[in-house]
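The structure under discussion appears below in the form of structure tokens.
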Amino acid sequence: MLNVQNLTVAYGQSEVVHGLGFAVQPKQTVALMGRNGMGKTTLIKGLIGLLPGGGGSVAIDGTEVANLPPHRRVKHGLAYVPQGRQIFSTLSVEENIRTGLEAHGTRKVPKEIYEIFPVLKEMRKRKGGNLSGGQQQQLAIARALVTRPKVLLLDEPTEGIQPSIIKDMARMLNDVKERLGLSIVVSEQVLSFALDVADRIFMMESGRLVREDARADVDEASLARHLSV
150 MLNVQNLTVA
160 YGQSEVVHGL
170 GFAVQPKQTV
180 ALMGRNGMGK
190 TTLIKGLIGL
200 LPGGGGSVAI
210 DGTEVANLPP
220 HRRVKHGLAY
230 VPQGRQIFST
240 LSVEENIRTG
250 LEAHGTRKVP
260 KEIYEIFPVL
270 KEMRKRKGGN
280 LSGGQQQQLA
290 IARALVTRPK
300 VLLLDEPTEG
310 IQPSIIKDMA
320 RMLNDVKERL
330 GLSIVVSEQV
340 LSFALDVADR
350 IFMMESGRLV
360 REDARADVDE
370 ASLARHLSV
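Okay, so the sequence shown: first residue is 150 according to this note's numbering, each after it adds one.
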């Protein structure tokens, strides 16, 4: 589904992601973990095209997109939920979702979006800025899903979310994956959340992948030590 090979990503002249490669299979969730400053957000932005790649390959279903701008990567099946959600606070919930539909030339929100996120249906006329952090995260994910992606990229989705809501978010993402049949790449620091959603966990350090664990083989204590070093 998503195949990344020898990818380099930089901020200006500073190379942050160094020749990194991994693959994500259909209906699979991969968690990118690591301490702050290890390159997780840079990698996600490089995959969607918000930061320039210095080389390497990003392919979706065998189609190379590494040289395409973000909006064309979306056309090929990538969708992006940024860190901090970045919803439009003065627009209604429904208007926020419709911004994701612009590329498809339609304004009708797909029925399954409100089935997956019933709270958004209840609040569809409410301003985005009046939602709780967890509701805003649902809104940001819904806005990405209306593009009908093959691969959903999420950057630090638990940031600013109450611990009591994080379990609900994990269940929601697992439901999204099963209902829509997509793959998910999520950058994250909360280990319990990653273990709830991921089929595989990659550990990043200084812009490189230094460890890979299948969910069934995870040594939680070892991963926790790595994150706290």
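Even glycine gets a Cβ: it sits at the ideal position worked out from N, Cα and C.
Across which residues does DSSP place residue i in a beta bridge pair?
i: Phe351; result: Leu181, Glu361
i: Lys299; result: According to DSSP, which records beta bridges pairwise, Lys299 is partnered with nothing at all.
i: Asp317; result: DSSP output for Asp317 lists no bridge partner at all.
i: Gly204; result: Thr157
i: Leu340; result: For Leu340, which the question treats as bridged, DSSP gives no partner whatsoever.
i: Asn245; result: None, per the DSSP bridge assignment.
i: Ile333; result: Thr178, Leu301
i: Tyr229; result: Leu302
i: Glu261; result: Per DSSP, none; premise fails for Glu261.
How many Å lie between residue i and residue j at the Cα?
i: Gln162; j: Gly203; result: 10 angstroms
i: Lys260; j: Val242; result: 15 angstroms
i: Lys194; j: Met272; result: 30 angstroms
i: His375; j: Gly183; result: 8 angstroms
i: Val165; j: Glu337; result: 17 angstroms
i: Val359; j: Gln174; result: 20 angstroms
i: Met352; j: Leu181; result: 6 angstroms
i: His167; j: Gly205; result: 10 angstroms
i: Pro306; j: Ala343; result: 11 angstroms
i: Pro298; j: His220; result: 12 angstroms
i: Leu372; j: Arg364; result: 12 angstroms
Relative to the C-alpha of residue i, which candidate in the options has its C-alpha closest?
i: Ala228; options: Gln154, Ala347, Leu358, Val300; result: Val300
i: Pro231; options: His225, Lys189, Phe266, Lys224; result: Lys189
i: Arg256; options: Arg247, Ile262, Tyr263, Gly205; result: Arg247
i: Asp317; options: Glu361, Leu372, Gly282; result: Gly282
i: Ala291; options: Ile262, Gly168, Thr157; result: Ile262
i: Ala172; options: Val207, Leu344, Phe237; result: Val207
i: Ile350; options: Thr178, Val158, Asp210, Thr307; result: Thr178
i: Gly198; options: Pro306, Asp368, Tyr160; result: Tyr160
i: Gln287; options: Lys270, Asp368, Arg297; result: Lys270
i: Ala293; options: Met352, Lys224, Ser355, Ile310; result: Lys224
i: Asp408; options: Asp366, Gly356, Glu354, Arg357; result: Here the chain covers residues 150 to 378 and nothing more, so residue 408 does not appear.
i: Asp169; options: Glu361, Ala370, Ser371, Asp368; result: Note that residue 169 is Leu in the sequence shown, not Asp. If we check each option's Cα against that of Leu169, Glu361 comes out closest.
i: Gly233; options: Asn279, Ile310, Leu151; result: Ile310
i: Leu156; options: Gly356, Lys276, Pro267, Arg221; result: Gly356
i: Gly277; options: Asn245, Phe266, Ala370, Glu264; result: Asn245
i: Glu354; options: Arg364, Ala370, Ser377, Gln154; result: Ser377
i: Leu280; options: Glu327, Ser238, Asp368, Gly226; result: Ser238
i: Gly226; options: Asn152, Ala370, Pro312; result: Asn152
Assuming residue i and residue j make a contact with CB atoms under 8 angstroms, what is their CB distance in whole Å?
i: Leu250; j: Val214; result: Actually they do not touch by this definition, with Cβ atoms about 21 angstroms apart.
i: Val346; j: Leu322; result: 5 angstroms
i: Leu302; j: Val334; result: 5 angstroms
i: Val158; j: Leu200; result: 5 angstroms
i: Val325; j: Ile265; result: 6 angstroms
i: Lys176; j: Ser332; result: 6 angstroms
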